[in-house]
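For reference, the structure discussed in these notes is given below.
In UniProt numbering, the protein residues as written are 1 to 262.
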């Protein structure tokens, strides 16, 4: 296992995929972590549903090291914030999430859509996301994505559990060019909305890649839980069929990957 982040060229971002939606990366001289999940496999109750975690993290919480800020897409689902992840938040100075999460959790800062905050030299903007079909929020809850920008750095988009292509269209219209996109994929489908997936599937991920133009796509949150209906091999084939294979960079959990803007 390699999990040391080093200083590299500004046009690249070093990413360590820990498992599920959990990614550690270095950006703007700060260390960031997305959706902390460090529990071992087990069953979790999420409202009327039971979610089954199949694999543990590639890197344990105690091996992560210092984190300056957590980007938490939402707090209401255990595959995005589990028990160990909640405990991890206590050691992080800044936790950015939805206003709903901020109302439920002490020490969390809520960002409305298009609201920005400054951390060091980095501007973080909360951006729209939809965790299912239109109108799903009363059941699925509110989720958010994030865009990170800094002088001399690639613009990074962290999708969170977004399933809607049109939300990404709005982001590009408002923000402009995205250089690197960390996308939650896997066609998550716990059965709540019939055949409708609650995260990006192979088809919609390709559409998002088209919207993002030349952005490097880093797919995560596709394996390790029973409610994912498509794996990364399937995603890779879809990108190949669409002529976008070179746009896709698939991280290996537990190994640091230098992701370059294209």
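We treat Cβ as the ideally placed atom computed from N, Cα and C, and that holds for glycine.
Give the secondary structure of residue i by DSSP, where H, G and I count as helix, E and B as strand, and everything else as coil.
| i | result |
| --- | --- |
| residue 264 | Lying outside 1 to 262, the shown extent of the chain, residue 264 is not represented and no answer is given. |
| residue 65 | coil |
| residue 103 | helix |
| residue 245 | helix |
| residue 38 | coil |
| residue 3 | At residue 3 the pLDDT is 46, less than 50, meaning the model places this residue with poor confidence; the figure from the coordinates comes in the next sentence. Three-state result, residue 3: coil. |
| residue 43 | strand |
| residue 111 | coil |
| residue 12 | strand |
| residue 261 | coil |
| residue 18 | strand |
| residue 159 | coil |
| residue 52 | strand |
| residue 223 | coil |
What distance in whole Å lies between the Cβ atoms of residue j and residue i, which are believed to be in contact at a cut-off of 8 angstroms?
| i | j | result |
| --- | --- | --- |
| residue 157 | residue 129 | Not confirmed; about 11 angstroms, so no contact. |
| residue 168 | residue 211 | 5 angstroms |
| residue 78 | residue 44 | 4 angstroms |
| residue 226 | residue 74 | Not quite, the Cβ-Cβ distance comes to about 20 angstroms (not below 8 angstroms), so this is no contact. |
| residue 111 | residue 126 | 3 angstroms |
| residue 71 | residue 89 | Not confirmed; about 12 angstroms, so no contact. |
Which stretch, first to last residue, makes up the alpha helix (DSSP H) that contains residue i?
| i | result |
| --- | --- |
| residue 166 | 165 to 175 |
| residue 206 | 202 to 212 |
Smallest Cα separation from residue i: which of the options?
| i | options | result |
| --- | --- | --- |
| residue 30 | 221, 67 and 144 | 67 |
| residue 120 | 127, 103, 150 and 107 | 150 |
| residue 37 | 27, 26 and 19 | 19 |
| residue 261 | 223, 185, 195 and 155 | 155 |
| residue 34 | 185, 24 and 114 | 24 |
| residue 117 | 162, 69, 256 and 21 | 69 |
| residue 40 | 27, 258, 55 and 28 | 55 |
| residue 266 | 243, 187 and 76 | For the chain, the structure presents residues 1 to 262; residue 266 sits outside this window and is missing. |
| residue 22 | 60, 42, 50 and 11 | 60 |
| residue 13 | 165, 215 and 58 | 215 |
| residue 165 | 190, 179, 81 and 134 | 134 |
| residue 213 | 171, 258, 162 and 153 | 171 |
| residue 237 | 253, 255 and 206 | 206 |
| residue 254 | 63, 50 and 46 | 63 |
Determine the extent of the beta strand (DSSP E) in which residue i is found, giving its start and end residues.
| i | result |
| --- | --- |
| residue 232 | Residue 232 -> not in any beta strand (DSSP E); alpha helix (DSSP H) instead, spanning 232 to 241. |
| residue 25 | 22 to 27 |
| residue 216 | 216 to 220 |
| residue 146 | 145 to 149 |
| residue 229 | It is not in any beta strand (DSSP E) - residue 229 carries neither H nor E in the DSSP assignment. |
| residue 126 | 122 to 127 |
- Let me know the beta strand (DSSP E) ranges lying completely inside the region 69 to 101, each 3 residues or longer, listed in chain order. 69 to 71 and 94 to 97
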